[in-house]
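Encoded as structure tokens, the structure appears first; notes follow it.
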Amino acid sequence: MTTIARILASGSTALAVLAALGATPPAAAQEQPLVIARNLEINSLDPHRAFCDTCQIYLSSTYQGLVKLAADDRSVEPSLATEWTANEDQTQFTFKLAPDAVFSDGSPVEAKDVKWTFERLKNIQADPSFMMSGVTSIETPDPKTVIVNMEKPNSEFIGILAAPYTGIINSDVASENGAVAGADAATTDQAETWFLSNSAGSGPYVLDTYRADDELRFRANDKFWGKAPPIKEIVIDQSADAVSQAQMLQSGAADIAMQVDPDTAETINSPDITIETVPSYNFIYVVFSPGAAGNQVPLDREVRQALAYAIDYQGAIDFTVGGNGALQASPIPNGFPGTDDLPMPEENLEKAKELLAAKGLQDGFSVDATVAAMNVYGVDLAMLMQKIQQDLARINVTLNIQPVASAVWRQQITDPGIPFSARFYAPDYYGSAQYVQFFGMIPGSWWERNASQKGKVDLVNQKEVDLLQQALAASGDDVARLYREIALEMINDRIIVPVVSPNLVLAYRNTVEGVRYSACCNLPLAELSRK
Amino acid sequence: MSVVVPTQRRWRSVVPAWATLPLVGGGVIILLWVIIGFTIPLWAPYDPVSLAGMRFQPPSAEHWLGTDALGRDVFTRTLYGVRHSFPIAVVVIGCALVIGCTVGAIAGYVGGLLDSVLMRLVDVTLSFPAILLAMAVTASLGPGLGNAAIAMVIVWWPIYARLMRAQVLSVRNREHVEAAVASGATRPRVLIKHILPLCWSPIIVNATMDFGQVVLLAASLSFIGLGAVPPTPEWGQMISDGALQFYRWWIALGPGLAILTVVLASNFLGDGLRDFLDPRAK
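These protein sequence lines map, in sequence, to chains D and Y.
Take the first sequence: its position 137, counted from the start at 1, is 137 in UniProt numbering, and no numbers get skipped.
Take the second sequence: its position 262, counted from the start at 1, is 262 in UniProt numbering, and no numbers get skipped.
Here is the structure:
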């Protein structure tokens with residue numbers, strides 16, 4: 001062998017050794033913590049008090065429902081329940097629990113846990129409690145059978161059970177730590193603090209640590225009864241804005257950035273990063289509160305309609321997400337039952353001026369617009385309001401924008417109310433009833449309560465109440481028809497005016513697999529792995 | 001025979017002694033901004049709050065400092081920014097001077113228990129970091145430039161109170177003051193006519209230098225969302241918008257340069273005034 005050949009041979013051997021040393025074996029790769037950059041914005045980690053987008057990720061990873069939303073984002077598939085049946089009029093649902101399902105402490109998941117969980121969710125009277133409205137009793141004939149009885153027909157009940165907030169809690173552990181499910185749970189339950197440092201579910205992950213505005217750390221549940229998640233440790237790192245998240249992603253400090261907006265995504269030019277833009281069911285809306293104390297003129301339906309006509313919807317999409325979004329007709333998002341062929345929001349300055357002139361408001365007026373200073377789904381809410389401020393100035397309406405912290409916004413919208421604002425919503429499961437129950441002008445809905453300021457102005461739309469009852473009792477094509485009628489009523493209410501349904505940017509390092517958008521849960525953590 | 005006159009002497013023969021480079025340079029920059037502030041509506045290329053073109057356009061002949069996320073002309077907004085930053089600085093410095101100098105003069109001249117009480121109040125206020133105190137006050141009053149101004153007056157008056165008290169203490173025992181007291185002048189007259197006129201120099205120098213600092217603090221409060229509210233073209237607010245678009249550097253460039261020039265100019269002006277008013281400090 002010549003000297004050159006020997007050098008080449010030894011060099012290639014050395015390279016092979018280096019490559020072998022450098023290439024991380026797949027098993028070891030899965031041991032590395034996977035870091036997700038995201039604005040946490042968590043209101044609670046108590047499954048029955050939590051109500052936020054990060055909460056959806058957290059709850060769907062640490063708890064399991066009786067059913068779960070399938071990858072098609074529409075159908076449901078078994079989870080803790082292996083089978084279920086409903087009676088003919090959809091008032092009684094029977095579930096058979098998986099015989100081998102266990103919580104993270106190794107104890108079996110039993111019917112009593114399901115009963116306790118549903119009763120607590122209903123009685124605690126927090127944001128997601130509406131999901132259990134109408135449940136009259138829960139029977140547990142044996143440890144693996146649950147029968148839920150409803151006051152009225154509810155064809156969406158199975159869909160609701162795919163929502164992360166209905167995940168089953170280990171009742172023994174939670175009760176020992178102050179959780180209460182009885183009728184007085186709203187006042188006697190003391191478990192919220194305990195839930196900030198503990199999870200008590202049967203999901204693929206358990207809560208490792210949570211530090212507010214810092215990180216949410218998951219550890220694989222070593223007693224998980226299903227297929228073990230590939231990644232052993234996942235951290236959601238607090239990163240408030242899209243630019244910081246993009247920087248973390250590019251520097252390698254994060255593997256996934258969850259809230260990169262299309263404008264920022266354009267600035268990422270790295271061959272190591274994958275950017276996908278997918279349609280979502282999320283949407284941003286503006287909302288009128290006629291009952292708010294700060295209203296300078298009565299925000300009656302004609303005035304609301306006039307203001308809605310003055311908004312340049314397509315311009316708002318262009319300005320907020322660079323055109324990467326869609327118009328949305330009603331508070332029920334595109335693609336959900338009842339949304340086919342709904343009339344899209346229309347910009348019509350002439351009609352807006354006519355309506356205001358008919359009310360004697362042609363010279364304009366001022367509206368206070370407090371908005372949470374945050375970026376959601378790539379939309380900066382204060383920026384969106386500035387765009388709408390420009391639009392409304394065309395009909396002499398002055399919008400006084402006041403950006404505040406999200407927690408302050410939540411407080412103000414409840415009391416004394418905010419005349420005009422912008423907010424966002426992501427679905428909890430596939431079904432239209434959730435939107436009617438949250439946005440509809442039906443007694444006690446979140447927005448009926450806040451927009452009317454607890455009845456100071458009568459906003460209840462009885463047609464929506466009746467139609468919802470019919471829809472929940474209906475089956476087949478009637479469901480979509482009835483929800484369409486409700487959607488038209490909600491459009492006509494002009495309390496909630498959807499502005500943009502932004503596309504979702506999925507930005508992640510090429511070494512990560514399994515990143516997908518889920519309608520109920522944002523990002524299913526158990527599906528993530530490293531190449 | 002020709003006589004060589006040193007350059008400096010030639011310069012001094014045409015420019016008066018007080019016209020130092022810092023004084024003139026700082027004064028010219030501040031004056032330019034004042035002129036811009038008064039005249040900008042007459043010649044601004046675009047409206048500061050309306051759409052001026054496509055969003056996120058980099059600097060070009062049409063938009064010298066590009067456009068922001070809402071397609072507004074950054075150059076126009078930067079120039080308009082002075083109409084918010086300067087008045088707030090003038091009001092804050094003015095109010096802080098009136099309150100601080102009154103308190104300081106009374107404390108220094110009267111002395112005794114009143115002096116102790118007032119100076120402890122000053123100590124307590126000064127013990128808080130200025131930005132934190134301003135944030136706390138603005139957060140409790142609510143966002144807005146008016147509330148930010150109130151917060152900054154609360155932060156700033158003790159500085160002048162302490163300065164004025166020190167000046168009054170150094171002057172009140174001079175012979176001319178004792179002579180005025182002996183001739184039967186009332187205490188307020190002694191203070192106003194015989195003491196205060198000798199106390200102003202360091203106060204004026206300080207106030208001039210503080211002008212830039214107030215502009216900076218106002219911008220800081222707006223940056224964190226406690227000052228100007230949208231769509232006000234305020235420099236701090238604009239930099240905050242730019243921070244959200246890190247790779248579109250031009251959005252924050254204009255307001256950043258504006259703040260830089262104002263703070264530098266006020267420091268130069270303050271230095272120049274000090275040299276002029278108190279040549280011993282040179």
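Glycine included, C-beta positions come from ideal geometry on N, C-alpha and C.
Between the CA atoms of residue j and residue i - distance to the nearest angstrom
i                     : j              : result
E346 (chain D)        : L66 (chain D)  : 42 Å
G252 (chain D)        : P230 (chain Y) : 35 Å
A23 (chain D)         : L34 (chain D)  : Reliability of the predicted coordinates at A23 (chain D) is poor, the pLDDT of 45 falling under 50, and no value is obtained from them.
V181 (chain Y)        : R172 (chain Y) : 10 Å
R120 (chain Y)        : F128 (chain Y) : 13 Å
P128 (chain D)        : L161 (chain D) : 12 Å
R304 (chain D)        : L392 (chain D) : 12 Å
V321 (chain D)        : D263 (chain D) : 7 Å
residue 571 (chain D) : Y425 (chain D) : Nothing about residue 571 (chain D) can be read from this structure; chain D reaches only from 1 to 531.
Q328 (chain D)        : V263 (chain Y) : 48 Å
L65 (chain Y)         : F56 (chain Y)  : 10 Å
V98 (chain Y)         : A136 (chain Y) : 23 Å
L23 (chain Y)         : A240 (chain D) : 44 Å
R90 (chain Y)         : G111 (chain Y) : The question names Arg, yet the displayed sequence has Val at residue 90 (chain Y). Going from the Cα of V90 (chain Y) to the Cα of G111 (chain Y) covers about 30 Å.
A357 (chain D)        : Y309 (chain D) : 14 Å
L118 (chain Y)        : P188 (chain Y) : 18 Å
I88 (chain Y)         : Q213 (chain Y) : 12 Å
Q362 (chain D)        : L399 (chain D) : 15 Å
N154 (chain D)        : D478 (chain D) : 14 Å
I168 (chain D)        : R219 (chain D) : 19 Å
L51 (chain Y)         : D73 (chain Y)  : 8 Å
Close beta carbons around residue i, own chain, < 6 Å, minus the five adjacent residues each side
i                     : result
residue 593 (chain D) : Lying before the first or after the last residue shown, residue 593 (chain D) is absent from chain D, which here runs from 1 to 531.
T125 (chain Y)        : P158
A130 (chain Y)        : V155
P524 (chain D)        : S518
C95 (chain Y)         : V153
N295 (chain D)        : P419
L21 (chain D)         : Only weak support is given to the placement of L21 (chain D): the predicted model assigns it a pLDDT of 43, under 50, and the question is left unresolved by the model.
Residue span of the beta strand (DSSP E) that contains residue i, given as start and end
i              : result
F218 (chain D) : 215-220
T209 (chain D) : 205-211
S501 (chain D) : 496-502
R162 (chain Y) : First-last for R162 (chain Y): 145-171, but that is the alpha helix (DSSP H), not the beta strand (DSSP E).
A433 (chain D) : Counting along the chain, A433 (chain D) falls outside any beta strand (DSSP E), though it belongs to the alpha helix (DSSP H) covering 433-439.
R423 (chain D) : 420-425
E110 (chain D) : From DSSP, E110 (chain D) is part of no beta strand (DSSP E); its letter is neither H nor E.
W194 (chain D) : No beta strand (DSSP E) holds W194 (chain D); the alpha helix (DSSP H) holding it covers 192-195.
W64 (chain Y)  : Premise fails: W64 (chain Y) is in no beta strand (DSSP E) and is neither H nor E.
E233 (chain D) : 233-238
Range covered by the alpha helix (DSSP H) that runs through residue i
i              : result
V24 (chain Y)  : 21-43
S116 (chain Y) : 112-127
N149 (chain D) : From DSSP, N149 (chain D) is part of no alpha helix (DSSP H) but of the beta strand (DSSP E) over 145-150.
S140 (chain Y) : 130-141
R38 (chain D)  : Taken as a continuous stretch (DSSP letters only), R38 (chain D) belongs to no alpha helix (DSSP H), being part of the beta strand (DSSP E) at 34-38.
K351 (chain D) : 349-358
P255 (chain Y) : 250-277
Close-in-space but distant-in-sequence residues of the same chain around residue i (CB under 7 Å, 5 per side omitted)
i              : result
G144 (chain Y) : V229
C199 (chain Y) : M164, Q167, V168, V171
D214 (chain D) : Q238
A519 (chain D) : L69, D73, Y281, P427, Y430
Q411 (chain D) : none
A531 (chain D) : The question names Ala, but residue 531 (chain D) in the sequence shown is Lys. Around K531 (chain D): T511, E513.
L196 (chain D) : L45, Y210
Y313 (chain D) : L327, P345, E347, V499
Ordered list of beta strand (DSSP E) runs contained in the stretch 277-303 of chain D, each at least 3 residues: 283-288
Mind the definition here: the stretch 345-359 of chain D touches the stretch 456-467 of chain D only if three or more C-beta pairs lie below 8 Å; say whether that holds. no
Assess, as a yes-or-no matter, whether the stretch 69-76 of chain D is touched by the stretch 120-137 of chain D under the definition of 3 or more beta carbon pairs within less than 8 Å. no
Would you be able to state if there are at least three C-beta pairs under 8 Å between the stretch 199-208 of chain Y and the stretch 146-165 of chain Y? With a cut-off of 8 Å, the stretch 199-208 of chain Y and the stretch 146-165 of chain Y count as touching, because enough Cβ pairs lie within range.
Every unbroken alpha helix (DSSP H) inside the stretch 197-240 of chain Y [4 residues or more]: 200-223
If you scan the stretch 113-166 of chain D from start to end, which runs of the beta strand (DSSP E) of 3 or more residues do you find wholly inside it? 135-142, 145-150
List in chain order: all unbroken alpha helix (DSSP H) runs of 4+ residues lying wholly within the stretch 355-394 of chain D. 381-393
Taking contact to mean at least 3 C-beta pairs separated by less than 8 Å, is the stretch 473-488 of chain D in contact with the stretch 255-262 of chain D? no
Tell me whether the stretch 242-251 of chain D and the stretch 44-51 of chain D touch, counting them as touching only if at least three CB pairs, one residue from each stretch, are closer than 8 Å. no
At a cut of 8 Å, does the stretch 185-199 of chain D reach the stretch 116-126 of chain D through at least three beta carbon pairs? yes
How about the stretch 103-112 of chain D and the stretch 190-205 of chain D: do they share at least three Cβ pairs that are nearer than 8 Å? yes
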